[in-house]
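Protein chains: 4
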Amino acid sequence: MSFKFANEVTVRFAETDAQGVAHHAAYLVWFEVTRIEYLRRFRGGYAGLREEGVDALTLEAHARYADAARFDDRLTIRARCGDVRGARFRFDYSVERDGSRVADGWTTHACVSVGDHKPTRVPAWLAEAIAEAES
Amino acid sequence: MSFKFANEVTVRFAETDAQGVAHHAAYLVWFEVTRIEYLRRFRGGYAGLREEGVDALTLEAHARYADAARFDDRLTIRARCGDVRGARFRFDYSVERDGSRVADGWTTHACVSVGDHKPTRVPAWLAEAIAEAES
Amino acid sequence: MSFKFANEVTVRFAETDAQGVAHHAAYLVWFEVTRIEYLRRFRGGYAGLREEGVDALTLEAHARYADAARFDDRLTIRARCGDVRGARFRFDYSVERDGSRVADGWTTHACVSVGDHKPTRVPAWLAEAIAEAES
Amino acid sequence: MSFKFANEVTVRFAETDAQGVAHHAAYLVWFEVTRIEYLRRFRGGYAGLREEGVDALTLEAHARYADAARFDDRLTIRARCGDVRGARFRFDYSVERDGSRVADGWTTHACVSVGDHKPTRVPAWLAEAIAEAES
Chain A
294 MSFKFANEVT
304 VRFAETDAQG
314 VAHHAAYLVW
324 FEVTRIEYLR
334 RFRGGYAGLR
344 EEGVDALTLE
354 AHARYADAAR
364 FDDRLTIRAR
374 CGDVRGARFR
384 FDYSVERDGS
394 RVADGWTTHA
404 CVSVGDHKPT
414 RVPAWLAEAI
424 AEAES
Chain B
294 MSFKFANEVT
304 VRFAETDAQG
314 VAHHAAYLVW
324 FEVTRIEYLR
334 RFRGGYAGLR
344 EEGVDALTLE
354 AHARYADAAR
364 FDDRLTIRAR
374 CGDVRGARFR
384 FDYSVERDGS
394 RVADGWTTHA
404 CVSVGDHKPT
414 RVPAWLAEAI
424 AEAES
Chain C
294 MSFKFANEVT
304 VRFAETDAQG
314 VAHHAAYLVW
324 FEVTRIEYLR
334 RFRGGYAGLR
344 EEGVDALTLE
354 AHARYADAAR
364 FDDRLTIRAR
374 CGDVRGARFR
384 FDYSVERDGS
394 RVADGWTTHA
404 CVSVGDHKPT
414 RVPAWLAEAI
424 AEAES
Chain D
294 MSFKFANEVT
304 VRFAETDAQG
314 VAHHAAYLVW
324 FEVTRIEYLR
334 RFRGGYAGLR
344 EEGVDALTLE
354 AHARYADAAR
364 FDDRLTIRAR
374 CGDVRGARFR
384 FDYSVERDGS
394 RVADGWTTHA
404 CVSVGDHKPT
414 RVPAWLAEAI
424 AEAES
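See the structure below:
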């Protein structure tokens, strides 16, 4: 799988645990930070989406840990978005350090209305921007 | 300072860091968890307060670390509330393990209206309940 | 899938996010807290395992969110352990509130030596204790 | 108080809470991230300090919240280090957004030996580097 987008994250001390490595739940936060940066390139990004009355829920999250990440490691989080169907979309991630795989994962999401959280289609402008960015 | 209320917290693995001890920011979360339990005894507690249109902001937080807490340590968080004046109130905490001090701290808070976050007096029923509980 | 073990978790305010619900990464922490409680019934639990020179890494984590959990929600996290093969084992989880499903998930793990993190078999006493508990 | 060092932090969604603002404990993590960046300018930074057998404990942490920080806010965390005496030192912080104060705080620390956590003097090279940086 090829990735056209990447974000950099430095492992925070607060993200490490008593095994001396980054805690496995931190990866979901890095995935999220990376999604936000991914979307920032389109109109107002995630913040703009919310102002437009559209929020995005996380339906599923998956992470597979291949190697440990340690304090102060500089990680590259590659991301791609696809499977945009109706209200739903999916992100895939690859976490790398110096070109070698640390982890990978994916998340699925659904667009909902801000407030009542009722499903709503991915806005056309966003679906098009994603399709163009990934093509 | 004497404490009439106490809450128990077990150190989570996710709360430890690469020094092998509980990360110092976790104590603020334990203080908060303890405030919630403290307030739970009065009407609907903090959730009830919010339903009544009153929220509480944290204005200041202070923690002093005397000894390390480690994974799976069973900690007693003692708390007292006082200095209820207008919109403001203060909590003091003592974190202990097997009767010996691990940390102490305090937080100050202001009641505000839910939504616009404008200052509002501590509801009379709550000020009275606190005064009675601490007397 | 039937679960013979359950743990209770109350959603902390610090675990909520600006969508007004528990952040999706918090579920991995609750899964971990529940694993610790699950293992606590056997010898010295996870802490005892580490003292014995055996640590457990998380290889994969998966969570599927069916409904939102909110501040102060009292959640039941059901767990079962199985697939104990060599160094590896797997946990399955169900997160429920008032008997209705909020989320489910699973994690896979590998036993390693404390320090060098080399794979090591799940200790026989632990494999037997798990088999007995789940039978 | 004047600050010669500053670090940038963007508020993560995972750092917000159900009040729609950054949780107050997140500030201690931002202070830490900023200390790490502050120290990075000297030799190997904090990681280098640890490799040299010297670790730093947090003795006290204080934060005062003047205004709310929200999701995706770009914050400037100014920091200065001083009061280097024996094993101890102190950091002061100012959190700003668009030039206006969001919070301030301070932390005190003690150098200890890695492993046994016995107090040890701030290494001379670090004390000198700090004095020079702050002069």
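Protein chains in written order, with the working numbering: chain A, 294 to 428; chain B, 294 to 428; chain C, 294 to 428; chain D, 294 to 428.
All C-beta atoms, glycine included, are put in the ideal place defined by N, C-alpha and C.
Between residue 379 (chain A) and residue 328 (chain A), the C-beta gap is not smaller than 8 angstroms, which leaves the two residues out of contact.
In this structure, the CA atom of residue 364 (chain C) is about 17 angstroms from the CA atom of residue 334 (chain B). Interface with chain C (8 angstroms Cβ-Cβ cutoff): residue 382 (chain B) is excluded.
Pairing residue 368 (chain D) with residue 336 (chain C), the inter-Cα distance amounts to about 48 angstroms. Runs of the beta strand (DSSP E) lying entirely within the segment 356-411 of chain A and spanning at least 3 residues, in chain order: 367-378, 381-390 and 393-406. By the Cβ-count criterion, residue 323 (chain B) is buried, with 16 or more other Cβ atoms from all chains shown falling within 10 Å of its own Cβ. When C-beta distances to chain D are compared with 8 angstroms, the residues of the segment 348-366 of chain B below that value are 348, 350, 351, 352, 353, 354, 355, 356, 357, 358 and 361, in chain order. For residue 299 (chain B), the enclosing beta strand (DSSP E) starts and ends at 298-303. For residue 345 (chain C), there is no enclosing alpha helix (DSSP H), as DSSP marks it with neither H nor E. With contact defined as three or more Cβ pairs closer than 8 angstroms, the segment 309-316 of chain C and the segment 303-317 of chain D are in contact. Within chain D, the residues placing a beta-carbon under 9 angstroms from that of residue 305 (chain A) are 322, 325, 326 and 329, ordered along the chain. In the structure shown, residue 413 (chain B) adopts coil according to DSSP, grouped into three states.
Chain-ordered, the chain B residues with CB closer than 8 angstroms to the CB of residue 340 (chain C) read 364 and 365. Under the Cβ criterion of 8 angstroms, residue 315 (chain B) is not counted among the residues facing chain D. If you check the CB distance, residue 386 (chain A) and residue 351 (chain C) do not come in under 8 angstroms. Residues of chain D with a Cβ closer than 7 angstroms to the Cβ of residue 318 (chain B) are, in chain order, 318, 321 and 322.
The alpha-carbon separation between residue 325 (chain B) and residue 320 (chain D) amounts to approximately 15 angstroms. When secondary structure is reduced to three states using DSSP, residue 349 (chain B) falls in the strand class. For the pair residue 314 (chain B) and residue 361 (chain B), the CB atoms are nearer than the 8 angstroms cut-off.
Pairing residue 411 (chain A) with residue 395 (chain D), the inter-Cα distance amounts to about 34 angstroms. Taking a contact as a CB-CB distance under 8 angstroms, the pair residue 302 (chain C) and residue 343 (chain C) does not count as one, their CB atoms being some 23 angstroms apart. For residue 325 (chain A), the uninterrupted alpha helix (DSSP H) segment begins and ends at 319-333. Listed in chain order, the non-local C-beta contacts of residue 296 (chain B) below 7 angstroms within the same chain comprise 371, 372, 373 and 387, local neighbours out to five positions each way being set aside.
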